[in-house]
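*Asks:* Residue numbers (this note's numbering), protein chains in the order written: chain A, 3 to 424; chain B, 23 to 288.
Backbone N, C-alpha and C fix where the C-beta goes; we use that ideal spot for every residue, glycine too.
All values reported here derive from a predicted model rather than from experimental measurement.
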Amino acid sequence: MALFVAGLSHRNAPVELREQLAVDDDKVRELLRDVAATGVVREALILSTCNRVEVYAIADVPGEARTATFRQLCRHRGVEPASVEAALYTHADGEAVRHAFRVASSLDSMMIGEPQILGQVKNAFALAQSCETVGPALHTLFTQAFTVAKKVRTETEIARHAVSISFAAVELAKKIFAGLDGKAVLLVGAGKMSELAARHLIEQGAFPLYVANRTWARARELARALAGTAVPFDELATALAAVDIVITSTGAPEPVIRREFVQPLVHNRRGRPLFFIDIAVPRDVENSVNTLDGVYCYDIDDLKQVVDANIRERLREAHRAEALVEREVAKFLARLGDVEVIPTIVSLRERLEIIRSGEVKRTLARLPGATPETREAIEALSAAIVNKILHAPITKLRESSRAGSPRSWLELVHELFGLGRK
Amino acid sequence: MHQTLLTLAIIGYVAATGLALAYLVQRDELLHRLASLATLAAWVLHTSALVARAFELGRPPLASLPEAVSVAVWVVVLLEMWLERRYGLQVLGAFVLPVALAFSLQSTPMRPLIEPALSGAWVWVHIGLALVGIAAFVFNFAGALMYLLQERQLRAKRPGALYYTLPALATLDRLTYRTLALGFPFLTTGLLLGVIWAGAAWGSVFTFDPLALSSYVAWAVYAATLAGRAAGGWHGRRAAYFAIVGFVALVLTLGAGLLFPGKHGG
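(1) For glycine 150(B), does the three-state DSSP call read helix, strand or coil?
(2) State yes or no: is the C-beta of isoleucine 160(A) within less than 7 Å of the C-beta of isoleucine 114(A)?
(3) Measuring CB to CB, does alanine 157(B) end up less than 7 Å from alanine 94(B)?
(4) Just the chain A side, please: which residues come within less than 7 Å of tyrosine 186(B) by C-beta, in chain order?
(5) According to DSSP, is phenylalanine 209(A) helix, strand or coil?
(6) Could one say the Cβ of isoleucine 178(A) lies closer than 7 Å to chain B's Cβ atoms, at least one of them?
(7) Buried or exposed for valine 348(A), please, with buried defined as at least 16 other CB atoms from any protein chain shown within 10 angstroms of its CB.
(8) Could you please give the first and the last residue of the uninterrupted alpha helix (DSSP H) stretch that includes alanine 128(A)?
(9) When you compare only the Cα positions, how much space is there between aspartate 62(A) and arginine 44(A)?
(10) Kindly list, in the order they appear in chain B, the residues whose Cβ is closer than 9 Å to that of valine 308(A).
(11) Using a Cβ cut-off of 7 Å, pull out every chain A residue sitting near threonine 193(B), in sequence order please.
(12) Just how far apart, CA to CA, sit lysine 306(A) and isoleucine 249(A)?
(13) Listed in chain order, which residues of the region 41-61 of chain B have Cβ atoms closer than 9 Å to some Cβ of chain A?
(14) Starting from tyrosine 300(A), find everything on chain B with Cβ-Cβ shorter than 7 Å and list it in chain order.
(15) Could you spell out where the alpha helix (DSSP H) holding arginine 54(A) opens and where it closes?
(16) Closer than 7 Å, Cβ to any Cβ of chain B: which residues of the region 268-291 of chain A, in chain order?
(17) Just checking: is the beta-carbon of leucine 202(B) within a distance shorter than 7 Å of some beta-carbon in chain A?
(18) Just reading off the alpha helix (DSSP H) that valine 98(B) is part of, what are its end residues?
(19) Would you kindly check if the distance between the Cβ of methionine 168(B) and the Cβ of leucine 188(B) is under 7 Å?
(20) How far does the alpha helix (DSSP H) with valine 415(A) in it reach, from first residue to last?
(21) What would DSSP say about arginine 44(A), mapped onto helix, strand or coil?
(22) Flag alanine 190(B) as yes if its beta-carbon sits less than 7 Å from any beta-carbon of chain A, otherwise no.
(23) Taking DSSP as the reference, what is the three-state secondary structure of leucine 171(B)?
(24) Here's the rule I'm using: 16 or more other beta-carbon atoms within 10 Å means buried, otherwise exposed. How should leucine 127(B) be labelled?
(25) Just the Cα atoms here: how many angstroms apart are alanine 70(A) and valine 30(A)?
(26) Could you check whether the Cβ of alanine 311(A) sits closer than 7 Å to any Cβ belonging to chain B?
(27) Could you compute how far the alpha carbon of proline 134(B) sits from the alpha carbon of phenylalanine 264(B)?
(28) Can you list, in chain order, the residues of its chain with a C-beta nearer than 7 Å to that of methionine 23(B)? Leave out the 5 residues immediately preceding and following it.
(29) Buried or exposed: where does glutamine 146(A) fall if 16 or more other Cβ atoms within 10 Å of its Cβ makes it buried?
(30) With a cut-off of 8 Å on the beta carbons, I'd call tryptophan 241(B) and threonine 210(B) a contact; round off their distance for me.
(31) Ignoring anything shorter than 4 residues or poking outside the region 153-220 of chain A, list the alpha helix (DSSP H) runs there in chain order.
(32) Would you check if the distance between the CB atom of phenylalanine 209(A) and the CB atom of glycine 184(A) is smaller than 7 Å?
(33) So which residues on chain A does leucine 176(B) lean against when the C-beta distance must stay under 7 Å?
(34) Please list, in chain order, the chain B residues whose beta carbon lies closer than 8 Å to that of aspartate 304(A).
(35) DSSP state of valine 81(A), grouped into three classes?
(36) Is there a Cβ from chain A that is less than 7 Å from the Cβ of glycine 258(B)?
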């Protein structure tokens, strides 16, 4: 009986193949039932996202189970099995545990640290549970994988820094203003991306929000959608004086925000910074605005640069996360191994305890005049002898289980001490 | 006894400073924890050194400038540990500990004890107030330095290690303003008491004492910054530059006092 994972992911399979094999929840249920019905697996879980299709399973003959499962999958999706076989990877035992932990922790994702994968794994787990293909082994594995994923998220910063332009803009705003509570925002132009950035800012407490657009109707529409106020486009200068963050995204060929608009504002702001997020191409904010005291202006390339730096940060943190996962895998395997030998250790102790207490009782019965001190000494002596004798076999059992080969030792101990059939 | 403890404390501060600076660059949580531990250990040693000294002298170890600086360092490190926890400012140590270390190195060679030229309750108040003021200005300086570094990062638009570790500009600006507003009254009262006392003791306010003279310069810089902040709407970069100039004047003040002993003794 062994754990294995087989599948294909963005690492080795092109999107054409992945999209052919990706299956929705209903199909996953169907597949799990079919695979379980063949009897080649004892437990199974199917994880299907746009970046990976994987089967985690417990089987007596992993190779056979793998082939059978993917043949089923190919049949369901009408794909030629040969084309899939070439792209499949398989990990067994410890490697499979490591893979499960890394996937759930988002270390194997296309964008390291992305938050969706954990939810997807949890969903796959729930699906398999509903099909009753999750047994004790997969249950232990995946509940631990969820714990490890959470640990990775809280103890490393792989998911901390923004990797999208709009979130990077929000992060920058926080680096300037600390909190965004009560910071006023002005949208100039009504693009999709600026709307997204504005939403993120509002979520962080930014308020109030103004929208200026050349088309008045569009300004009103967007203002309504974001619970803001529309302002006429030619009153831009007035609106600028009242806000802290400006997001520009007009299609204007020339800058709409010029240095001479902004310069007089600086003095009146008495130290409050002003932050321009210019996501328009060609740019809406004159470049030299950035040199004004307390004024910061990021164009789309600057934001991209921040995103790139953030991705490098994530990769840096990923090294720490990998080390953490490695430790967790080792711990998990050690515990799993102990689980296998613990029943034997317990019955071994019980067996010797029965012998010890029986012999002590008999001896004491023959010594009616023994003082309590003598009785205690006899108890202690016999217990010490038993413990000393047990020490070596128990240690050996634990070691063998950690080395991954407890089977023969377990049998030997059972045989030697007459512990009965295992 | 106290000299041994003090030497150990300084070794501890050296370790803490190194670790805090390493944390600033490496951003490894372990380094930060080690730095905090070293800081605490060194501070405890420092505390016992000061207590031992007080027993040896039979009075607070504040009469000569090196002694007073040592106590100032003790206050600064205490505040550093507290502020770091209170505001989650894990990088603070990297900016404050080097200053504290430089000060404590200056104050180590406890010169042969000179009987304090002054005595009486006023002296202790004068020294005590000035010390609190100086401690506040160490943080004022650290805040200003962090502000300028973070502002440079944001302007350069190339996020480096400091962009991630340093707090937001607004937070740092608030820190420098608050420490200025806190330190200034203490420094002012401390100086004023010194002037009044000097007038009473020596009959003249303007005796030539290098420490007194250069402390007036530091005071003037801080007064100008505070006025600019409160009334002129100074902020950010300009306020930070002034904070640094003021601190340099303050350091020169103490340096003058330590190197050219005047009436403050050395």
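*Replies:* Reading off the structure:
(1) helix
(2) yes
(3) yes
(4) Glu315
(5) coil
(6) yes
(7) exposed
(8) 118-132
(9) 8 Å
(10) Lys179, Arg180, Pro181, Tyr185
(11) Ala180
(12) 16 Å
(13) Arg49, Asp50, Glu51
(14) Lys179
(15) Taken as a continuous stretch (DSSP letters only), arginine 54(A) belongs to no alpha helix (DSSP H), being part of the beta strand (DSSP E) at 54-61.
(16) Arg272, Gly273, Pro275
(17) no
(18) 87-109
(19) yes
(20) 409-419
(21) strand
(22) yes
(23) helix
(24) exposed
(25) 15 Å
(26) yes
(27) Confidence at proline 134(B) is low in this model, with a pLDDT of 42, below 50, so the placement of that residue should be treated as unreliable; the coordinate-derived value is given next. Whole-angstrom Cα-Cα distance: 37 Å.
(28) Ala74
(29) buried
(30) 7 Å
(31) 167-179, 194-205
(32) yes
(33) Lys177, Ile178, Tyr298
(34) Lys179
(35) coil
(36) yes
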